[in-house]
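Have a look at the structure below before the remarks.
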Amino acid sequence: MDTNLLKVVPLFRDLSDEDLEELGKLTTEVTLKRGESLFREGDDGDKLYVLVEGKVKLTHSSGEGHENIIAVLGGGEIIGELSLFDLGKRSTTVTAIAPARLIALSHKDLTAFLQTHVQLSISMLRELAGRLRRTNEQLADLVFSDVPGRVAKALLDLAHRFGERTPEGIYVAHDLTQEELARLVGASRETVNKSLANFVNRGWIRLEGRAVLLIDLQRLQMRAH
Numbered sequence: 364m365d366t367n368l369l370k371v372v373p374l375f376r377d378l379s380d381e382d383l384e385e386l387g388k389l390t391t392e393v394t395l396k397r398g399e400s401l402f403r404e405g406d407d408g409d410k411l412y413v414l415v416e417g418k419v420k421l422t423h424s425s426g427e428g429h430e431n432i433i434a435v436l437g438g439g440e441i442i443g444e445l446s447l448f449d450l451g452k453r454s455t456t457v458t459a460i461a462p463a464r465l466i467a468l469s470h471k472d473l474t475a476f477l478q479t480h481v482q483l484s485i486s487m488l489r490e491l492a493g494r495l496r497r498t499n500e501q502l503a504d505l506v507f508s509d510v511p512g513r514v515a516k517a518l519l520d521l522a523h524r525f526g527e528r529t530p531e532g533i534y535v536a537h538d539l540t541q542e543e544l545a546r547l548v549g550a551s552r553e554t555v556n557k558s559l560a561n562f563v564n565r566g567w568i569r570l571e572g573r574a575v576l577l578i579d580l581q582r583l584q585m586r587a588h
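Read in order, the letters of the sequence shown correspond to residues 364 to 588 in this note's numbering.
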């Protein structure tokens, strides 16, 4: 694999050219079209993936068949990290919401590589800690925040990771349908649509298909708390 592809991944930024060359020999590349799944909940897990380009959603289905979106991930983030520690069944389904490009590493190869590259182990632990912190915040939001507050916080989080600053505000191409955004914040589509319409009427945001322009960040931040 071209090591230039590995260099753009924050997880590998501290590796030397020699280490990247060695790691590249262990990796394979995977591409996904929008709507295509990388793996499904209940599948055997024996690989870790790093998302190089694009976006994916992590979903979990209830016994009644309802889908909840656990997270939306973008370039540089890791997927299937539990396979490093537990070769059990996948706990989520991962589906591309935009064309995606990923790097795949087998559990066996990556475990051996980590044993001789301590800095990468530390980087992975840092990434996992950040993921756990975001999960804890989401759980707290479901208990203590109302739907408009959760929508505002979700928009700000998407802007932080995927936004581009423009003269009018921060443009966020999140690639989510309104139904998917509702599942991300744990509310009905109707309730989320009312919150979005309210933000639009107040001049805080502008909706543009599967994108949003955040105009008044200060108001959104106040509503998110």
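Heads up, the beta-carbon is just placed ideally off N, CA and C, and yes, glycines get one too.
Review point. Under the three-state reduction of DSSP, which class applies to residue 558: helix, strand or coil?
Key: Here residue 558 sits in helix by DSSP.
Practice item. Measure the C-alpha to C-alpha separation of residue 485 and residue 522 and round it to an integer number of angstroms. Key: Roughly 27 Å between the two C-alpha positions.
Point to revise | Where the alpha helix (DSSP H) through residue 550 begins and ends | key: Per DSSP, residue 550 is not a residue of any alpha helix (DSSP H), being assigned neither H nor E.
**Study point:** Status (buried if at least 16 other CB within 10 Å, exposed otherwise) for residue 376
**Key:** With fewer than 16 other CB atoms across the displayed protein chains lying within 10 angstroms of its CB, residue 376 is exposed.
Exercise for review: Answer with buried or exposed for residue 435, where buried requires no fewer than 16 other C-beta atoms within 10 angstroms of its C-beta.
Suggested key: A buried status is given to residue 435, since no fewer than 16 other beta-carbon atoms sit within 10 Å of its beta-carbon.
**Study point:** Cβ neighbour criterion (16 or more within 10 Å) applied to residue 488
**Key:** By the neighbour-count criterion, in which 16 or more other beta carbons inside 10 Å mark a residue as buried, residue 488 falls on the exposed side.
Check your understanding: Exposed or buried, which one is residue 371 when buried takes at least 16 other CB atoms within 10 Å?
Key -> Counting Cβ neighbours within 10 Å, residue 371 comes out exposed, since fewer than 16 surround it.
Exercise for review: Assuming residue 414 contacts residue 443 (C-beta within less than 8 Å), just tell me the rounded distance between them.
Suggested key: Not quite, the Cβ-Cβ distance comes to about 11 Å (not below 8 Å), so this is no contact.
Check your understanding: In or out: residue 588 buried (at least 16 other Cβ within 10 Å) or exposed?
Key -> Around the C-beta of residue 588, fewer than 16 other C-beta atoms lie within 10 Å, and the residue is accordingly described as exposed.
Review point. Does the separation of the CB atoms of residue 399 and residue 368 fall below 9 Å?
Key: Not in contact: residue 399 and residue 368 (Cβ atoms no closer than 9 Å).
Check your understanding: Among 454, 479, 395, which residue has its Cα nearest to the Cα of residue 465?
Key -> Relative to the Cα of residue 465, the nearest Cα in the group 454, 479, 395 belongs to 395.
Exercise for review: Would you mind stating whether residue 458 and residue 422 have Cβ atoms separated by less than 9 Å?
Suggested key: Their beta carbons are under 9 Å apart, which means residue 458 touches residue 422 by this criterion.
**Study point:** Integer-rounded CB distance, given that residue 547 should sit under 8 Å from residue 517
**Key:** About 6 Å separates the beta carbon of residue 517 from that of residue 547, a gap short enough to meet the 8 Å contact definition.
Check your understanding: For the ligand GDP, is there a heavy atom less than 8 Å away from the beta-carbon of residue 585?
Key -> The ligand GDP is not part of the structure shown, which contains no ligands of any sort.
Exercise for review: Would you kindly work out how many angstroms separate the C-alpha atoms of residue 474 and residue 373, rounded to a whole number?
Suggested key: Between residue 474 and residue 373, the C-alpha separation is close to 19 Å.
Practice item. Please name the residue in 411, 524, 472, 417 whose C-alpha comes closest to that of residue 451. Key: The option with the nearest alpha carbon to residue 451 is 411.
Point to revise | Spatial neighbours of residue 569 in its chain, beta-carbon cut-off 6 Å, leaving aside the 5 residues before and after | key: Cβ-Cβ distances below 6 Å link residue 569 to 576 in the same chain, with the five nearest sequence neighbours on each side left out; the list follows chain order.
Point to revise | Simplified DSSP assignment, three categories, for residue 572 | key: The answer is coil: DSSP assigns residue 572 none of H, G, I, E or B.
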